[in-house]
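In order, the protein sequence lines correspond to chains L and X.
Start counting the first sequence at 521; every next residue gets the next number (this note's numbering).
Start counting the second sequence at 882; every next residue gets the next number (this note's numbering).
We put the CB at the ideal spot given by N, CA and C, even for glycine.
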Amino acid sequence: MSEGRPVLIDADVMLGRHPRRDVGGGTVPELLAAMDRVGVAEAVVGSMTSWLHDPARGNRELLGLVAGQPRLRPCWVMLPDTCGETGSATGFADAAVEAGVAAVRAFPREHNYDLASADTAAMLDAIASVRLPLLVDAGQTTWRTVETLALAHPGLRIVVGGVGYRMLRQIAGVLDRTDHVSIGLADLSSHRGLEWLATRFGAGRLVFGTGAPYRDPAEAVTRLMWSELGEAEVAAVGAGNLRRLLRREVRAA
Amino acid sequence: MNELTTALWARRPQQATRIVDAHAHAGPYSVFFIPDPDPAGMIEVMDRCGVAHAVLSSHLAIQLDAAQGNAATAAVVDRAPDRFTGYLTVNPWQDPVAELGRWGDDPRFGGVKLHPDLHEYPLTGARYAPVWEYAELTGRPVLTHTFSGSPYNDLPMVDEIAGRHPRATILAGHSGVTPLGIDASIEVAERHERVILEVCGSFNTGADIARMVRRLGAHRVVYGSDFPFIDLRMSLGRILFSDLSDDDRAAVLGGTITALLGKPEA
């Protein structure tokens, strides 16, 4: 990374192939090359297998893929513990901590569960108790659900990504009424939306992410670097805010 | 690193290339909130990045009223003629002949904008006939919205209309949007030399754009952003970092659309 450049840590990356778009092989070397191409230093990375096939297997395999990769930290995919697919809620959270998992991602729409129902309460409590942030794309849930979650689990830090360009009315309401909901930069594409959100809610509510490889990471990099934010805000959005979210505290016994 | 990405990392406007945005709008849009959608705010974003010029149709024209909206587009160009050129919007339900008659020779407009999806009317429909006649007569480009799978502006309809009107220059807006649409748009453009691919949208990538250039040449691919519908920087970034030669990148970013807008009458 060149001296003087803002550090970028990508909270929204996947390894693996995608069944409905040519994203290449989805390998670690390909991801690292893509990060180098657009100047991303580090990434919190999930698994296409966890998303699009088998969360338990994908989570397990992901640890092997990122082992020995100092620029990559794993992100597991959660399910409700109703069927025991990823173990009990506390078992999942403890295993995640033990494995060095940095964050947890949810796909409630595609995995067919309600993120704000009693089915997921134990899992979300367990994730919050070990202070792992929850990442979810806007297309996987509703803003009402995000708000319900934030109010029901006040210790849970939630990052909503993939918000597109049509959602500022809903985003503004939820950010107004909650404290621990942040917005990811992957496809945060409202005209001047990044600046508007930073002005209204503070740059601390914004977290860099690209959505790669499904999305071109150049979008988010260019959006942030040519933004109208000041240098300190760019540093916070590019890396500082995510580092703060990833800073875990030891769970009280 | 190219000169544009060097400027990006320095967080200063690029000056290496004359960038022309071939797909822009202006003004508010009821479906969602747009911070600062007016031309002054658009120029601020253009200046932030080093975008010289944009070709636009007002949101009023495409969303509600072509007559009022075309007047709004002309007014935007009047206020900043060095920064903006207009697309004359034709809504098939709102007297296309009158709009073409009123604005067709006006130098503030450089081409025609069609949005079949918004107007729920097929690109191949008879109400658009005056547009194709105008396009073939003047050589001015027609930017049409395209979207893979749409009943109104899917790529096979671009294929059909380009076959019917081989002298019309058609900018395929968004290049079909989806991965499937992007593939289809390339295939249509390979069959029709006056079909030009415009690359804004929510799913395009720099790899897709590089593939378009490899298959068609940079003289057949143009940068557009859709701003202020979508932020200008999203589409721009894909091209900045794409695997293109400097010459091809410059053509996609501005050279190709500039040549098309300056095209002499056929």
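Which first and last residues belong to the alpha helix (DSSP H) in which X:I1042 is found?
Looking at the DSSP string, the run of the alpha helix (DSSP H) that includes X:I1042 is 1036–1045.
For a minimum of 4 consecutive residues, which ranges assigned as the alpha helix (DSSP H) are wholly contained in the segment 1020–1100 of chain X?
The qualifying runs are 1036–1045, 1060–1072, 1087–1097.
Taking the Cβ atom as the reference point for each residue, do L:P600 and L:M534 lie within a distance shorter than 8 angstroms?
Not a contact, by the Cβ cut-off of 8 angstroms.
Can you find the residues in the same chain that come closer than 6 angstroms, C-beta to C-beta, to L:A636, ignoring five residues on each side of it along the sequence?
So the list reads T665, T668, L669, once near-sequence residues are dropped.
Quick test of your reading: L:R591 and L:A563, contact by CB under 8 angstroms. State the CB separation rounded to the nearest angstrom.
About 7 angstroms separates the two Cβ atoms, so the contact holds.
The segment 741–753 of chain L: which residues have C-beta closer than 7 angstroms to a C-beta of chain C, in chain order?
Among the protein chains in the structure shown, which are L and X, there is no chain C.
Cβ closer than 8 angstroms: which chain X residues qualify as neighbours of L:R557?
F1122, listed in chain order.
Taking only beta-carbon positions, decide if X:V1058 is within less than 8 angstroms of chain L.
Not one chain L Cβ lies under 8 angstroms of X:V1058.
With burial defined as no fewer than 16 other Cβ atoms inside 10 Å of the residue's Cβ, what is the status of L:R468: buried or exposed?
Summary: the structure shown does not reach residue 468 of chain L, with chain L confined to residues 521 through 773, and so no result is reported for it.
Counting Cβ pairs closer than 8 angstroms, one from the segment 719–735 of chain L and one from the segment 544–555 of chain L, do we hit at least three?
A contact exists between the segment 719–735 of chain L and the segment 544–555 of chain L.
According to the Cβ coordinates, are X:T1025 and X:A1065 closer than 8 angstroms?
No.
For a cutoff of 8 angstroms on Cβ pairs, would you count L:A615 as touching chain X?
No - not a single Cβ of chain X is within 8 angstroms of the one on L:A615.
So is L:L717 buried or exposed if we call it buried at 16+ other beta carbons inside 10 Å?
Looking at its Cβ environment, which holds 16 or more other Cβ atoms inside 10 Å, L:L717 is buried.
What are the boundary residues of the beta strand (DSSP E) that includes L:A593?
A small fix is needed here, since residue 593 of chain L is Arg in this sequence, not Ala. Here the beta strand (DSSP E) through L:R593 covers 592–597.
Are X:D902 and X:A935 closer than 8 angstroms when you measure CB to CB?
Yes.
Among X:P1003, X:E1068, X:V926, which residue has its Cα nearest to the Cα of X:Y1033?
The shortest C-alpha separation from X:Y1033 is found at X:P1003.
Going by Cα to Cα distance, which pick from X:H904, X:R899, X:A979, X:W890 is closest to X:I1077?
The shortest C-alpha separation from X:I1077 is found at X:H904.
Once DSSP output is grouped into helix, strand and coil, what is the label at X:T886?
Residue state, collapsed to three classes: helix.
Rounded to whole angstroms, what's the CA-CA distance from X:L862 to L:S570? Just pull it up for me.
Nothing can be reported for residue 862 of chain X: it is not among the residues displayed for chain X, which extend from 882 to 1147.
Helix, strand or coil for L:H573 per DSSP?
In this structure, L:H573 counts as coil in the three-state DSSP scheme.
Count Cβ pairs between the segment 1029–1049 of chain X and the segment 1093–1103 of chain X that sit closer than 8 angstroms; are there 3 or more?
The segment 1029–1049 of chain X, when compared against the segment 1093–1103 of chain X, does not touch it at the 8 angstroms Cβ threshold.
My guess is that X:L941 and X:G908 are in contact by the Cβ rule of under 8 angstroms, so how many angstroms apart are they, rounded?
With 8 angstroms as the limit, X:L941 and X:G908 qualify as a contact, their Cβ atoms being about 6 angstroms apart.
Please determine, among X:R960, X:R892, X:G1057, the residue with the shortest C-alpha to C-alpha distance to L:T743.
Note that residue 743 of chain L is Arg in the sequence shown, not Thr. Ranking X:R960, X:R892, X:G1057 by Cα distance to L:R743 puts X:R892 first.
Can you tell me which of the three DSSP states L:G588 falls into?
Looking at L:G588 - three-state DSSP - the assignment turns out to be coil, as it is neither helix nor strand.
In angstroms with no decimal places, state the Cα-to-Cα distance between X:H906 and X:R964.
So the alpha carbons of these two residues sit roughly 13 angstroms apart.
Below 8 angstroms on the Cβ atoms is my guess for L:G706 versus L:G681; work out the distance and round it to an integer in Å.
It is Ala, not Gly, that sits at residue 706 of chain L in the sequence shown. Contact holds; Cβ gap of about 5 angstroms.
Checking contacts by CB at 8 angstroms: is X:G1135 closer than that to chain L?
No, X:G1135 lies away from the interface with chain L (no Cβ there is under 8 angstroms from its Cβ).
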